[in-house]
Amino acid sequence: MDANAKEKKKLISADSKQKLLAFSSLIMMIIVFSFASPHFATFSNFIGILISTAVTGLLAIGVTFIIITGGIDLSVGTVMTFGSVMTGVIITFMGLPLWMGVLGGLLAGTLAGTVNGALVAKLKIPPFIATLGMMMVAEGLNLVISGTKPIYFMQTPVFRKIAMGKFMNIPHAVFVFLGAAFIAGIILDKTVFGKYTYAIGSNEEAVRLSGVNVDKWKIAIYALGGFFNGLAGVIMASRLNSAQPALGAGYELEAIAAVVIGGTSLSGGKGTILGTIIGAFIMSVLTNGLRILSIPQEWQTVITGAIVIIAVYTDILRRKQSA
209 MDANAKEKKK LISADSKQKL LAFSSLIMMI IVFSFASPHF ATFSNFIGIL ISTAVTGLLA
269 IGVTFIIITG GIDLSVGTVM TFGSVMTGVI ITFMGLPLWM GVLGGLLAGT LAGTVNGALV
329 AKLKIPPFIA TLGMMMVAEG LNLVISGTKP IYFMQTPVFR KIAMGKFMNI PHAVFVFLGA
389 AFIAGIILDK TVFGKYTYAI GSNEEAVRLS GVNVDKWKIA IYALGGFFNG LAGVIMASRL
449 NSAQPALGAG YELEAIAAVV IGGTSLSGGK GTILGTIIGA FIMSVLTNGL RILSIPQEWQ
509 TVITGAIVII AVYTDILRRK QSA
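First residue of the sequence shown? That's 209 in this note's numbering, and the numbers climb one at a time after it.
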């Protein structure tokens, strides 16, 4: 077995161990919260966790691609809201058909992601600064476009069924999330798009020297991340039956935390959609369990922040061991 094959086998083994550790942590949390409160292990509460995970999970799926390239996206929360607001404007203010509103929300997210990619790839602005700027721009646009007021979908009751309609007593939002995760997994693992995503994160300069248009692929990757943000915005608007222009702040932290907990390396070059899904469920179960136990909001924030720090430190340790 040559050196490259050994290294690849070592990385696969490390990834498997990380996913197993994350999944074991998820199961342990469920068991602990189930014993701690009789209200946790109920069908209605598990449905609530699934609905919550659907939104966070969609955001996390999109940012997984970006973090694998060695980038970051701090705008996912406000861009999600931008997708919600544009959906509301098209359906409620313009009176256009439902499908056009949904398409508008998806395109709004994709456009924001494309701009992020262009700022990073063409203008060479660091991803942290570029997406921080987009976060603020989207936050302002949400308030300006909506007139600082929520946009309600009272005239189109069918819109709420996109997320909250049920199949076998499970909300449609859950199926949208799982379907999106399945497609994203195929894209990342089985396509040229995924191949270049990993390659850029592993050694961008080597990819550039091999003749690949790295800028083009980076823009496409950020655009895909924006698409998932827009999809999350449509699901969130459908779930609330309204577009809330002030919503979105803080979602980026949950999404990034889910990605890191799921084993994606902040230094780029490594990560899986399955790991991200597990990480998203960990974040949702943790938040839900702490609320059921009536832990004060400020302590919930402290605990969540501590878990993020631990996850990042674990990533650092993994990189040192694989070096």
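Glycine included, every Cβ here is placed at the ideal spot set by N, Cα and C.
Which word fits Ala211, buried or exposed, when buried means at least 16 other C-beta atoms lie within 10 angstroms of its C-beta?
-> With a pLDDT of only 48 at Ala211, under 50, the local geometry of the prediction cannot be trusted, and no value is derived from it.
Please classify Lys374: does DSSP put it in a helix, a strand, or coil?
-> strand
Near Lys292, what residues of its chain come up, given a Cβ to Cβ distance below 6 angstroms and the 5 sequence neighbours on each side ignored?
-> This sequence places Ser at residue 292; Lys is not what is there. Around Ser292: Gly441, Met444, Ala445 and Ala451.
Nearest to Trp307 (by Cα), restricted to the options Thr295, Tyr521, Ala316 and Gly317 = Out of Thr295, Tyr521, Ala316 and Gly317, Thr295 has the C-alpha closest to the C-alpha of Trp307.
Pair within 9 angstroms by beta-carbon distance, Phe489 and Leu234 | One thing to note: Phe489 has its Cβ within 9 angstroms of the Cβ of Leu234.
What separation, rounded to the nearest whole angstrom, lies between the Cα atoms of Thr289 and Pro358?
-> Going by C-alpha positions, Thr289 is about 11 angstroms away from Pro358.
Buried or exposed for Thr356, please, with buried defined as at least 16 other CB atoms from any protein chain shown within 10 angstroms of its CB.
-> The residue is exposed, with fewer than 16 neighbouring Cβ atoms inside 10 Å.
Might you give, ordered along the chain, the residues of its own chain that have their beta carbon closer than 7 angstroms to the beta carbon of Ser492, omitting 5 neighbours on each side?
-> Ile257, Ser260, Thr261 and Thr264
Measure the C-alpha to C-alpha separation of Asn496 and Leu417 and round it to an integer number of angstroms.
-> 48 angstroms
What residues in its chain sit with their C-beta under 7 angstroms from that of Leu474, if we drop five residues either side in the sequence?
-> Ile275, Val468, Val520 and Asp523
Is Thr283 buried or exposed, if buried means 16 or more other CB atoms sit within 10 Å of its CB?
-> The question names Thr, but residue 283 is Ser in the sequence shown. Buried: at least 16 other Cβ atoms inside 10 Å.
Distance between Ala466 and Met209 (C-alpha atoms, nearest Å) = Note that Met209 has pLDDT 43, beneath the 50 cutoff, so the model's placement of it is unreliable and the number below is only indicative. Between Met209 and Ala466, the C-alpha separation is close to 35 angstroms.
Alpha-carbon to alpha-carbon, Pro334 and Ser242 | The alpha-carbon atoms of Ser242 and Pro334 are separated by roughly 43 angstroms.
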